[in-house]
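In what follows, a structure is listed as C-alpha cells, so that the remarks can point back to it.
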Amino acid sequence: MLLLMLMLVQSLVLIPMGIAFQGPTSTGVIGTGVIEGYVIRARTEPASPLVDARLDLNNSLIARTDSSGRFVFSGLPPGRYRLRVTKDGFVRQQYPHSAMDAPGTPIDLAAGQQIRNVVFKLERAPTIAGVVRDQSNSVVAGVVVQAMRRGFNARGNRIVTLIASTRTDDRGSYRLYFLDPGEYVIAALPEASPNQPAVRPNGPTYYPGFAEMGDATVVRMDTRDGNGIDIRLVQHDPTLVWGNTISVTSGSAVAAQISLIAAEDSGGVGQYQAQSRLPGGEYSIRGVAAGTYIFSAKTATESFATRITVRPPTPFRTPDLRVNAELNPGVDVPGRAVLKSDAAIDIRRARVQLGETQLSLPDPEPAAVAQDGKFVFRAVQPGVYALDVSDLPGDLYLKAAVQAGADVLEKLIPVGWGPQNMRGPLDIQIGTDGGRITGAVFNRDNTPSAGALITLVPEGDARLRPDRYRIELSGPDGSFTLRGVVPGDYRLFGWDNLEPNAHFNVDFMRSYLELGTPVRIQPGQSASVSLRLIEFDR
Amino acid sequence: MTAALWVLLWLLSQQQNTSATIQGMVVRAGTTQPLSGEVVGLWPTTRTTLAGFDGTFSFRDVEPGQYMLTVVRDGMKLQVPVNHIRTQPTPTVLLEVKSAPAITGTVFFPSGERAAAVRVQAFGTVYTPLGTRLTSVMSVATDDLGDFRLFWLRHGEYRVSASYSDRDQRVALPGLHLTPNLSKPDDGLPPIYYPGEYTLFQSQKIGLSRDTDSTGVQIFLRDGPRYTINLILVPEGVCARVAVVAEGAIVTSTDFVNNVCGSARLTGLSQGTYFILAANDVLASDAVRVSTVNINTEAKVVLQPAVSISGRVTSNIPGAGRGGPGGRGFPGIGVPLPGGRGAPPGSRPDPKVRLSRNSLEISQEFESPIAADGTFTIPGLGPGSYDVSVQSVPDNVYVRSITYGPFDSLFTPININNGTPVNQLNLDLAQSNAIAAGTVVDRAGRPVPGAEVVLVPKGNRRRADRYRATTADAGGNFRIAGTPPMDYAVLAFENIEPQSYFVFGYDDAAYNRHTAAAQTLPALMSNPEFRLVAIPAEETAGGIH
Numbered sequence: 001m002l003l004l005m006l007m008l009v010q011s012l013v014l015i016p017m018g019i020a021f022q023g024p025t026s027t028g029v030i031g032t033g034v035i036e037g038y039v040i041r042a043r044t045e046p047a048s049p050l051v052d053a054r055l056d057l058n059n060s061l062i063a064r065t066d067s068s069g070r071f072v073f074s075g076l077p078p079g080r081y082r083l084r085v086t087k088d089g090f091v092r093q094q095y096p097h098s099a100m101d102a103p104g105t106p107i108d109l110a111a112g113q114q115i116r117n118v119v120f121k122l123e124r125a126p127t128i129a130g131v132v133r134d135q136s137n138s139v140v141a142g143v144v145v146q147a148m149r150r151g152f153n154a155r156g157n158r159i160v161t162l163i164a165s166t167r168t169d170d171r172g173s174y175r176l177y178f179l180d181p182g183e184y185v186i187a188a189l190p191e192a193s194p195n196q197p198a199v200r201p202n203g204p205t206y207y208p209g210f211a212e213m214g215d216a217t218v219v220r221m222d223t224r225d226g227n228g229i230d231i232r233l234v235q236h237d238p239t240l241v242w243g244n245t246i247s248v249t250s251g252s253a254v255a256a257q258i259s260l261i262a263a264e265d266s267g268g269v270g271q272y273q274a275q276s277r278l279p280g281g282e283y284s285i286r287g288v289a290a291g292t293y294i295f296s297a298k299t300a301t302e303s304f305a306t307r308i309t310v311r312p313p314t315p316f317r318t319p320d321l322r323v324n325a326e327l328n329p330g331v332d333v334p335g336r337a338v339l340k341s342d343a344a345i346d347i348r349r350a351r352v353q354l355g356e357t358q359l360s361l362p363d364p365e366p367a368a369v370a371q372d373g374k375f376v377f378r379a380v381q382p383g384v385y386a387l388d389v390s391d392l393p394g395d396l397y398l399k400a401a402v403q404a405g406a407d408v409l410e411k412l413i414p415v416g417w418g419p420q421n422m423r424g425p426l427d428i429q430i431g432t433d434g435g436r437i438t439g440a441v442f443n444r445d446n447t448p449s450a451g452a453l454i455t456l457v458p459e460g461d462a463r464l465r466p467d468r469y470r471i472e473l474s475g476p477d478g479s480f481t482l483r484g485v486v487p488g489d490y491r492l493f494g495w496d497n498l499e500p501n502a503h504f505n506v507d508f509m510r511s512y513l514e515l516g517t518p519v520r521i522q523p524g525q526s527a528s529v530s531l532r533l534i535e536f537d538r
Numbered sequence: 001m002t003a004a005l006w007v008l009l010w011l012l013s014q015q016q017n018t019s020a021t022i023q024g025m026v027v028r029a030g031t032t033q034p035l036s037g038e039v040v041g042l043w044p045t046t047r048t049t050l051a052g053f054d055g056t057f058s059f060r061d062v063e064p065g066q067y068m069l070t071v072v073r074d075g076m077k078l079q080v081p082v083n084h085i086r087t088q089p090t091p092t093v094l095l096e097v098k099s100a101p102a103i104t105g106t107v108f109f110p111s112g113e114r115a116a117a118v119r120v121q122a123f124g125t126v127y128t129p130l131g132t133r134l135t136s137v138m139s140v141a142t143d144d145l146g147d148f149r150l151f152w153l154r155h156g157e158y159r160v161s162a163s164y165s166d167r168d169q170r171v172a173l174p175g176l177h178l179t180p181n182l183s184k185p186d187d188g189l190p191p192i193y194y195p196g197e198y199t200l201f202q203s204q205k206i207g208l209s210r211d212t213d214s215t216g217v218q219i220f221l222r223d224g225p226r227y228t229i230n231l232i233l234v235p236e237g238v239c240a241r242v243a244v245v246a247e248g249a250i251v252t253s254t255d256f257v258n259n260v261c262g263s264a265r266l267t268g269l270s271q272g273t274y275f276i277l278a279a280n281d282v283l284a285s286d287a288v289r290v291s292t293v294n295i296n297t298e299a300k301v302v303l304q305p306a307v308s309i310s311g312r313v314t315s316n317i318p319g320a321g322r323g324g325p326g327g328r329g330f331p332g333i334g335v336p337l338p339g340g341r342g343a344p345p346g347s348r349p350d351p352k353v354r355l356s357r358n359s360l361e362i363s364q365e366f367e368s369p370i371a372a373d374g375t376f377t378i379p380g381l382g383p384g385s386y387d388v389s390v391q392s393v394p395d396n397v398y399v400r401s402i403t404y405g406p407f408d409s410l411f412t413p414i415n416i417n418n419g420t421p422v423n424q425l426n427l428d429l430a431q432s433n434a435i436a437a438g439t440v441v442d443r444a445g446r447p448v449p450g451a452e453v454v455l456v457p458k459g460n461r462r463r464a465d466r467y468r469a470t471t472a473d474a475g476g477n478f479r480i481a482g483t484p485p486m487d488y489a490v491l492a493f494e495n496i497e498p499q500s501y502f503v504f505g506y507d508d509a510a511y512n513r514h515t516a517a518a519q520t521l522p523a524l525m526s527n528p529e530f531r532l533v534a535i536p537a538e539e540t541a542g543g544i545h
C-alpha cells in the first residue's frame, strides 16, 4: 500500500489516538532541497524492498516507503538534518551508519541540494520467547518479563539496559520482540499477590532460574529468534534492611529520607523508600528483593550514598542487612582552569566533571567555568573521583591537572569530609597545542568506508582518562578528522559496527589491540593515518 | 476465571483406603500440576471439603451411591460423576480443571503484514442499577506475529476491536517498556470492530463457551473515512488540556494529553460518538457528547471553575482508633473485619470516597483517601452530576446516609454547576451484624452448587451497594454477612451473568415478577437457615426478565 506523506511541522501536534490536532494557523517554510532513497532488507540478493518503513528527519518530518521501498523528502529548506529509519521487525538505524545506536552524522543540506542515493539495509530484529513457571511447575500469568541487554556505559563499566518488557498471559508465555542483537539477561518479576498468603513469595528471577543476576545464563541474539527461554521462579525470603542515620556534623541522629534504587548495572528494578525517625534515627525497610542497590539517605542539608548488595537469604544467612548512614553536607571542591594563549579563547562552554569511580554512585553536578576560569563542585560526597573535561573547542585539550602538588589525571581524586581531608583547589591546565589526526578508512576491496566508527584509544595508564578517547564517524568518502587530541600514544580503529561505549572497556579492547593502528601525537602535531575497516562476523 | 472440568478415573491399588472414603486430586488439565485451595463438593449432599496445597482432598464415611464431585470456580459450576461402590477399593479421582476460555486471533495491517503492538479490546455488557453499559473488559496488545489472546474471560458474548495509534500503544501496555525498534504509528488507523466495522454497535458478537477457546478471530485494519470536529473552548482563548474519548471508555488522567488554546481542529476521527472533556489547573468542563454526523462537526466545551468537594466520613463502629496494620484508617474502618473475603490482613486497600460521573456512556471517577479523622477532599471536579460511594470498606459496613449540604444524596446524584453553591459532603457509615445464610436447592430438593444468591433491596433499588450477593459453594451452601438495615427479597438463581441482578434497579416488571413469591429478610434480622429454591438456568437465559 502506498502511504507517502510529508508533514511540515509548525503548529501541527500529533495526538495520540490517531487524531491530528491542528492549531488555528498552520504555516511552514518551504525550500527546494531533496533527500531520497530506499530501505531494503539487509543481505538479500536481489534487494528486497521494505514497504511502509518510517523515515524521520529531526523528529518532525515523516515519510514512509512505498511498495518499491522508496522514500522522498522534498521541499526541504537548507539546514542540519538527522535522518532515522524504523520498520517493525527490523533494527533501527540513523544515517549514515548502520550500527544501532551509533552516533549518526547529521546531513548539512545546502539550499536546493539534492541527496538521492540514501540506502538503508535493515537487519531483522529477533524475538525471545518462553514460559514462566513456579516451583510446582504451574504456569504463572501476569509476570513482568524483561529483556536487558548487556553493554557498557560512558565510563566503560559493564551495565545492563532495559530494552523491552512484557507480561505473561494465562499460559505463562511471553514474547519479547523486535530486540536489538546482543547479549541479554532475561528477568521475571512476579508481583506480590496480596491474596496468596505464601510464606515465601516468588521473587525476581533471572533465566533460567536464579535469584542473582550474576548467575544468569546470558542469551546471545543475532537475527534469529530465541524460543524456549523458560524461567522457573525462585522463592525469595525478602530481606530486612535497617539501620540508623547520623549526621557527621552534629554527631547525633537525624531524621532522613531513605531510598534504595536498583543499581544501573544490576538489572534490577526494585525501588524502596523509608523515613528514619528520631530520637534514634532508626529506619527499616521490609521485603527487599535480592539485588544490588544504591542506598541514599538525605536531609535538607546533608546526604549519604553507598552501594549495597542484598543476597538471597539462606538457612545460613540471616534475612537482614544493617546499613548505617553517616550523612554529611558534602565538600566543595574548587578549582581553576588556566589557558595560556595569546588569543582570548572562551572556554566557558567546557564541561568539567567529577566521576565517582569506586561504587558507581551518581556523579555530582558538572561545574560551570566562569569568565576567569574558576569553577567549584558543590557538596561532593566523600569518595574517589576521576576528573573529566570535555567540550573544549578546536584544538584545545586537557593538558594537566594538579591538586596539592599531585597529579590527578593519571591518579584519582580522593574527596573526604573534615578539615584533615581538605586538599586544596584543582589546578587545570588547558593546552592549546592539541594534535590532529586526519585519515581515511577503507573496506577490504579498497573502496572508502562511509559511516564507519573511528575510535581513538589511548595506551598505557592513559586508558583511565576518558578525555583521551575519541569516537567519530567517517564521512561519505571514508575520511575523518580528530581535533584536540591530547599528546601521547594511541591506537586508532575503524569499525563497521561497535557495541556502544565498548571502546571504553579495557577488557573488551584487549582482544582487538592488534587490529588497531599505533599513532603517536606530539604537541601541535598533525598525523595522517589510513585504516582498514574491522568487520564483525554476523 | 472460568473452568471446565472432566474426570479421568483410574484405579489406585497401592493405597489402602477404606471403601467409605472418596478421595482425589484437583489438577490443571493436561498436566500433573496441582491446584490448591479449591472447595470440592459431594453432590447431592451438602458436604464440602477443602483441597490442600497439593490439590488432594477426601470425603470419609460416604455411603455407596451415585455422586457428583463438584468444584465451583468464579461462579461456574463443574460437576463430575462418581460411582461409589463399597466393595471395591476407592479409586482416586483426578479432577482436571481446564484453563478459562480465551478469544484469540490475529490483526493485519492494510498491507497484509501482521501488525504488532496493536491494542485489542474485548467489550462486554456490564450491569448497573441504572442500566447496562457496553464497556471494555479486557485490553491486550498484539505481539510480533500479530497475535492476541484475550484471556480469563467468563463465558458470554463479546465484541472485539483493534486500534493502532500512539495512545493505544501506551494505554494497552501500562508500565511496560516498548522496544525502540517499534515504528511509531503517527496518524495510526481508526479502530476496527470485528469483523470489519467502524463502530462498536455494528460489530458482530463473538460467543465464548465455558471450556473452549474462540480462535481464529482475524481483524484487518484499514483506513476509513475520517471526520473532523471543530472544537471551541469557552471562555474564548482559554488554554486547557483536552481529553477526547470514544463512548464506552473509562476516562483517566492520562487521557488529558492534548494542550489546546482557544480552539482546535480534531481531524482523523473515525465515525462515532465521542466525549470531550477539558481541564486546566483551575477550570474544568462537563463531558460534552459529540457525534460525527457530518464531515465537519462543531463542538463547544465550556469550562467553569473547578470545584473541590470536602467532607467528612463518620461511623458508629466500635473500636474507634484501632486503625489498620499501618496505623492508618480512621476510627474502626481501617481494619478489615472478619467476614470479608478471607484475604490476609492488610491486603485491602485503604477506604476511599468516590465520585463517579452519572453516565452510562462513559465512566470517570474521582477519589480521595480518608484521613484518620474522617475528612477528605476531592478537587478538580467539573460541572456534571455525580454518584457518591465509598470504596474498599469491609463487607459488613454499609453507607447509612449521605448528605450534600441540605440534600439527601444517598439515592440522588449531586449536581455541580456554575451558580449552585458547593456544600459539605458528609457520609455516615455503620456496621451490621445481620446474617443471611443457608442452602440453595433445586425444585427436587437437591443442592445447587454455584448458585447465585442475591439480596434485592425492597426500597429504593438504584444504589449498587445496597445489593448483596454471593455464590453458593460446592455444596450449595451460602453465607452473606453484614446486610444493611432494610427489607430484602432473597433470590437464588442457578446461573446468571455477573451482576445481572442489577436489572431490578430499572426493570420494575422483572422485579415484581421475581419478588412476588420470594422469601424475605426483614431489616436487621438474621436468618442462618434459608432454604432457597433456585430459579433454573433456562428461565434466565438471555438475562433476567
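Same order as they appear, the protein sequences are chains A and B.
Note that my numbering has the first sequence beginning at 1, numbered continuously upward.
Note that my numbering has the second sequence beginning at 1, numbered continuously upward.
Ideal Cβ placement from N, Cα and C applies to all residues, glycine included.
Under 7 Å Cβ to Cβ from residue 404 of chain A, same chain only, skipping five residues before and after it: list those, please. 423 and 424
Measuring straight from C-alpha to C-alpha, what distance separates residue 537 of chain B and residue 492 of chain B? 11 Å
Distance between residue 366 of chain A and residue 426 of chain A (C-alpha atoms, nearest Å): 14 Å
Using DSSP with H/G/I as helix, E/B as strand and the rest coil, what is residue 525 of chain B? coil
Is there contact here, the region 214–223 of chain B with the region 242–249 of chain B, by at least three beta-carbon pairs under 8 Å? no
Straight-line gap, residue 533 of chain B to residue 59 of chain B (C-alpha atoms, nearest Å): 26 Å
Whole angstroms are fine: how far does the CA of residue 364 of chain B sit from the CA of residue 284 of chain B? 13 Å
With a threshold of 16 other CB atoms inside 10 Å of the CB of residue 467 of chain A, please say whether the residue is buried or exposed. buried
Roughly how many angstroms separate the alpha carbons of residue 347 of chain B and residue 237 of chain A, rounded to a whole number? With a pLDDT of only 47 at residue 347 of chain B, under the threshold of 50, the placement of this residue in the model should not be trusted; the figure read from the coordinates follows. About 19 Å.
Could you check the C-alpha separation between residue 389 of chain B and residue 426 of chain B for me, to the nearest Å? 11 Å
For the alpha helix (DSSP H) containing residue 162 of chain B, name the first residue and the last one. Residue 162 of chain B -> not in any alpha helix (DSSP H); beta strand (DSSP E) instead, spanning 156–164.
Partners in chain B for residue 39 of chain A, counting only beta-carbon separations shorter than 8 Å: Correct list: empty, because the minimum Cβ distance to chain B is about 11 Å.
Name the chain B residues that come within less than 9 Å of residue 180 of chain A, Cβ to Cβ? 179, 180 and 181
What residues match up with residue 259 of chain B in a beta bridge as DSSP calls it? B:241
Please identify the residue among A:57, A:107, A:376 and A:412 whose C-alpha is closest to the C-alpha of residue 402 of chain A. A:412
What's the C-alpha gap between residue 451 of chain B and residue 471 of chain B? 6 Å
Please list the partners that residue 28 of chain B has in chain A, where partner means a Cβ-to-Cβ separation under 9 Å. 138 and 139
Put residue 559 of chain B into one of helix, strand or coil per three-state DSSP. Summary: the structure shown does not reach residue 559 of chain B, with chain B confined to residues 1 through 545, and so no result is reported for it.
Alpha carbon of residue 124 of chain B to alpha carbon of residue 206 of chain B, nearest angstrom: 10 Å
Exposure of residue 417 of chain B, with buried meaning 16 or more beta-carbon neighbours within 10 Å: exposed
Per-residue DSSP class, three states only, for residue 512 of chain B: helix
Would you please verify whether the beta carbon of residue 121 of chain A is less than 8 Å from any beta carbon of chain B? no
Might you give, ordered along the chain, the residues of its own chain that have their beta carbon closer than 6 Å to the beta carbon of residue 115 of chain A, omitting 5 neighbours on each side? 35
Hey, how far is the Cα of residue 464 of chain A from the Cα of residue 349 of chain A? 24 Å
Within 10 angstroms of its Cβ, does residue 222 of chain A collect 16 or more other Cβ (buried), or is it exposed? exposed
Between residue 158 of chain A and residue 167 of chain A, how many whole angstroms is the CB-CB distance? I'm expecting something under 8 Å. Between residue 167 of chain A and residue 158 of chain A the Cβ distance is about 28 Å, and since that is not below 8 Å, they are no contact.
Going by beta carbon distance, what residues of the same chain come within less than 7 Å of residue 357 of chain A, once the five residues before and after it are set aside? 384, 385, 386 and 412
Output the distance between the C-alpha atoms of residue 235 of chain B and residue 302 of chain B, rounded to the nearest integer angstrom. 7 Å
Can you pull the chain B neighbours of residue 90 of chain A, defined as C-beta to C-beta under 8 Å? 181
3 or more residues per run - each beta strand (DSSP E) lying fully within the region 40–77 of chain A: 54–57, 61–64 and 70–76
Given residue 369 of chain A as reference, the closest of A:90, A:428 and A:31 once Cα atoms are compared: A:428
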